[in-house]
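Per this note's numbering, numbering through the sequence shown is continuous, rising by one, with the last residue being 1117. Heads up, the beta-carbon is just placed ideally off N, CA and C, and yes, glycines get one too.
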Amino acid sequence: MGSLLTRTGVLPWLHAKIVDPVLQVIRRGAEPKQLAFSAALGITIGIFPGQLLFLVLLL
């Protein structure tokens, strides 16, 4: 009997959507600093899309 994450398909989904793309980017030569900046920017825009749009329009 497998774990709940494996039976529900969460682990394969995480592996296909997150782990594999990150590994591909690393293999192409991206630096950890670039990955960290991209992740931080993506999370910030994902959480606060309206506020960032307002801020950009003010500038």
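Collapsed DSSP secondary structure at residue i in the structure displayed
i     : result
L1117 : coil
G1108 : helix
Residue i, enclosing alpha helix (DSSP H) - first and last residue
i     : result
G1100 : 1090-1105
V1080 : 1078-1085
Nearest neighbour of residue i, chosen from the options [CA to CA]
i     : options             : result
T1097 : Q1109, V1083, G1108 : The residue asked about is misnamed: residue 1097 is Ala in this sequence, not Thr. Minimum Cα distance to A1097 is reached at V1083.
I1076 : G1087, L1111, L1093 : L1093
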